[in-house]
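Going letter by letter, the sequence shown gives residues 1 to 364 in the numbering used here. Beta carbons: idealized from backbone N, C-alpha and C, even for Gly.
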Amino acid sequence: MTKRKVFDIDFPGGEGEKDVPAGTGARKIDAPPARRGPMASAIAENADALRTRKQVEAAIRDENDRLAHELVRLKGQGLIVDLIDLGAIHTTKLTRDRSASRDPDLDELKESIKAIGLSNPIRIEADGEAWQLVQGFRRLTAYRELHAETGDDRYARIPAGILAQGETIKGLYRRMVDENLVRRDISFSEMAALALRYAQDDDTDVVDVEQAISVLYASAARQKRIYIRHFSTMLSAIGNRLKFPEAIPRALGLQLEKRISNEEGAAARICAALDAGMASTAEAELEILRNQAHAKPQKTTGKSNAPDAAKTSFRCTVPAGTVRCAARNGKVELSFDRDFSSVEQQRLQAAVTAFFAALDDRTQ
1 MTKRKVFDID FPGGEGEKDV PAGTGARKID APPARRGPMA SAIAENADAL RTRKQVEAAI
61 RDENDRLAHE LVRLKGQGLI VDLIDLGAIH TTKLTRDRSA SRDPDLDELK ESIKAIGLSN
121 PIRIEADGEA WQLVQGFRRL TAYRELHAET GDDRYARIPA GILAQGETIK GLYRRMVDEN
181 LVRRDISFSE MAALALRYAQ DDDTDVVDVE QAISVLYASA ARQKRIYIRH FSTMLSAIGN
241 RLKFPEAIPR ALGLQLEKRI SNEEGAAARI CAALDAGMAS TAEAELEILR NQAHAKPQKT
301 TGKSNAPDAA KTSFRCTVPA GTVRCAARNG KVELSFDRDF SSVEQQRLQA AVTAFFAALD
361 DRTQ
């Protein structure tokens with residue numbers, strides 16, 4: 001047997017494997033790449049996941065921004081509609097341009113809602129935790145009556161278009177008025193009454209009824225605005241005696257205004273006739289007004305215009321607040337949130353004396 005030397009030992013190797021010089025540190029050509037450890041693999045996978053997550057989050061933010069802008073646009077147009085609890089809707093922010101008496105056509109509206117639902121949502125504006133009605137007083141009233149009569153949960157909430165907050169009081173009034181202008185059943189008395197109240201509202205920037213009509217009824221035809229002005233004059237003179245002003249037709253209202261404006265003492269005589277008649281129905285009140293409109297004119301002082309026709313209206317800011325002033329032929333009116341009857345008579349007399357003294361000084 002032949003003995004092998006230690007230097008003749010053969011080390012096992014793969015088939016076709018090439019020798020690499022010792023000490024070079026080079027890998028064999030066909031050797032597989034080095035494997036990463038578990039920690040390195042986890043770090044790489046986590047980095048990939050973070051990159052993907054950031055990309056997804058960026059896409060979500062872009063989509064949310066787009067939807068937010070679209071929501072603001074739709075809310076600004078009152079096109080976002082939701083079902084709102086009746087108890088959460090208030091009607092105190094705006095003076096309504098509808099008569100306080102019950103609308104005789106309300107029953108027809110209720111039957112329509114029961115048959116086919118509400119096709120035209122009301123319009124509301126956020127008011128803290130609740131809502132303020134902007135448009136749709138009749139529709140809201142119909143829903144409230146239906147819920148009270150039937151107890152049906154279908155009428156406990158009403159479809160409402162939600163307006164964006166921040167619109168001016170003028171804009172809200174215009175929304176309400178313009179919607180009702182297309183309705184044929186709103187009377188000139190109701191429109192004139194709203195103009196009178198709007199002119200007295202401290203939240204508005206108008207100083208007289210003329211300006212209030214121009215603002216509220218800017219969308220109305222010029223002739224309609226003229227009729228509203230005539231009815232405003234009529235209501236200013238006898239409105240506190242009328243029980244059914246919304247029933248006064250246009251022709252009768254214009255006749256009454258003409259007599260009031262051209263006949264001295266006519267307003268007082270019409271009021272006296274209304275007080276004496278004590279009408280309990282609209283038709284009875286209209287009969288009294290027709291008789292007064294066609295009554296034989298009384299002798300006048302020759303003045304062609306009403307003695308109290310407004311000539312100048314403005315607001316005056318004083319330390320205690322803002323005073324509404326109206327100067328007429330033979331009359332000066334100052335409106336202020338204060339009980340002047342509680343002021344001592346001597347102080348009032350002194351103030352009036354000082355007022356006229358100041359006027360005389362300015363005219364000299």
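* Leaving aside the five residues before and after Ala-126 along the sequence, list all residues of the same chain whose C-beta is less than 6 angstroms from its C-beta, in chain order. => Around Ala-126, the same chain offers Gln-165 as residues with beta carbons nearer than 6 angstroms, after the five sequence neighbours per side are excluded.
* The beta strand (DSSP E) enclosing Leu-133, as first and last residue numbers -> 130-135 is the span of the beta strand (DSSP E), which, as asked, contains Leu-133.
* To do: Enumerate in chain order the residues of its own chain whose CB-to-CB distance from Lys-110 is below 7 angstroms, with the five nearest sequence positions on each side excluded.
  => Excluding its 5 nearest sequence neighbours in each direction, Lys-110 has C-beta neighbours in its own chain below 7 angstroms: Ala-142, Glu-145, Leu-146, listed in chain order.
* Asked: For Val-352, is the classification buried or exposed, using 16 other Cβ atoms within 10 angstroms of its Cβ as the cut-off for buried?
  -> By the Cβ neighbour-count rule, Val-352 is exposed, with fewer than 16 other Cβ atoms within 10 Å of its own.
* Nearest to Asp-85 (by Cα), restricted to the options Asp-65, Ile-124, Leu-50, Lys-54 -> With distances taken between Cα atoms, Asp-85 lies closest to Ile-124.
* In chain order, what residues of the same chain have a beta carbon less than 6 angstroms from the beta carbon of Ser-313, not counting five sequence neighbours either side? -> For Ser-313, the CB contacts under 6 angstroms within the same chain, skipping 5 residues up- and downstream, are Val-207, Asp-208, Ala-326 in chain order.
* Please determine if the stretch 189-204 and the stretch 231-245 are in contact, where contact requires at least 3 C-beta pairs separated by less than 8 angstroms. => Yes, the stretch 189-204 is in contact with the stretch 231-245.
* **C-alpha distance - Leu-194 paired with Pro-245, whole-angstrom precision** => Cα to Cα, the separation comes out at about 12 angstroms.
* Asked: Cβ atoms of Gln-132 and Met-176: under 8 angstroms apart, would you say?
  -> Against a cut-off of 8 angstroms, the Cβ pair of Gln-132 and Met-176 comes out as no contact.
* To do: Evaluate the contact criterion for the stretch 256-272 versus the stretch 288-295: three or more CB pairs, one atom per stretch, below 8 angstroms.
  => Because the criterion of three Cβ pairs below 8 angstroms is met, the stretch 256-272 and the stretch 288-295 touch.
* Nearest to Ile-80 (by Cα), restricted to the options Arg-241, Leu-67, Asn-240 -> Closest by alpha carbon: Leu-67.
* To do: State the start and end residues of the unbroken alpha helix (DSSP H) segment that holds Ser-112.
  => Where Ser-112 is concerned, the enclosing alpha helix (DSSP H) stretches over 106-116.
* Limits of the unbroken beta strand (DSSP E) element including Glu-333 -> Per DSSP, the continuous beta strand (DSSP E) segment holding Glu-333 begins and ends at 331-335.
* Taking Ser-119 as the reference, which of Asp-105, Gly-128, Arg-139, Lys-93 has the closest Cα? -> Ranking Asp-105, Gly-128, Arg-139, Lys-93 by Cα distance to Ser-119 puts Arg-139 first.
* His-230: buried (16+ other C-beta within 10 angstroms of its C-beta) or exposed? -> It counts as buried.
* Consult DSSP for Lys-303 and reduce its assignment to one of helix, strand or coil. => Any reading at Lys-303 must be qualified, since the residue scores a pLDDT of 48, below 50, and its modelled position is unreliable; the value itself is stated next. Looking at Lys-303 - three-state DSSP - the assignment turns out to be coil, as it is neither helix nor strand.
* Asked: At which residue ranges does the stretch 236-288 contain complete beta strand (DSSP E) runs of 3 or more residues, listed in the order of the chain?
  -> As summarised for the stretch 236-288, there are no continuous beta strand (DSSP E) elements at least 3 residues long confined to that stretch.
* **DSSP-derived helix/strand/coil call for Thr-312** => If DSSP states are grouped into helix, strand and coil, Thr-312 belongs with the strands.
* Label Ser-304 either buried or exposed according to how many other C-beta atoms from any shown protein chain fall within 10 Å of its C-beta, with 16 as the threshold for buried. => Any answer about Ser-304 is weak, because its pLDDT of 45 lies below 50 and its placement is not dependable; what the coordinates show is given next. Burial call: exposed.
* Asked: Taking the DSSP output, what are the residues bridged to Ala-171?
  -> Note that residue 171 is Gly in the sequence shown, not Ala. Paired residues: none, contrary to the question.
* Asked: If you run the structure through DSSP and keep just helix, strand and coil, what is Arg-338?
  -> When DSSP states are grouped into helix, strand and coil, Arg-338 belongs to the coil group.
* Asked: Thinking C-beta only, is Ala-148 closer than 8 angstroms to His-90?
  -> Going by C-beta atoms, His-90 is not nearer than 8 angstroms to Ala-148.
* To do: State the CB to CB distance for the pair Lys-243 and Glu-287, rounded to an integer number of angstroms; the pair is presumed to be in contact (CB under 8 angstroms).
  => Not a contact, Cβ separation roughly 13 angstroms.
* Contacting residues, own chain, Cβ-Cβ under 6 angstroms from Arg-241 (five flanking each side not counted) -> In its chain, beyond the 5 residues on either side, Cys-271, Leu-274 have a beta carbon closer than 6 angstroms to the beta carbon of Arg-241.
* To do: Might you give, ordered along the chain, the residues of its own chain that have their beta carbon closer than 6 angstroms to the beta carbon of Ile-248, omitting 5 neighbours on each side?
  => Answer for Ile-248: Ser-189, listed in chain order.
* Would Ala-160 pass as a contact of Ile-122 if the rule is Cβ separation under 8 angstroms? -> If you check the CB distance, Ala-160 and Ile-122 come in under 8 angstroms.
* Asked: Just how far apart, CA to CA, sit Gln-346 and Asp-201?
  -> Between the alpha carbons of Gln-346 and Asp-201 lies a gap of roughly 31 angstroms.
* Arg-324 vs Ser-342 beta-carbon contact at 8 angstroms -> Cβ atoms of Arg-324 and Ser-342: not closer than 8 angstroms.
* Would you list the one or two residues that DSSP bridges to Asp-82? => Beta-bridge pairing links Asp-82 to Ala-160.
* To do: Go to Ala-126, then tell me how far its beta strand (DSSP E) extends in each direction, as first and last residue.
  => Counted as a single uninterrupted DSSP element, the beta strand (DSSP E) harbouring Ala-126 occupies residues 122-127.
* According to DSSP, is Ala-148 helix, strand or coil? -> Helix, per DSSP.
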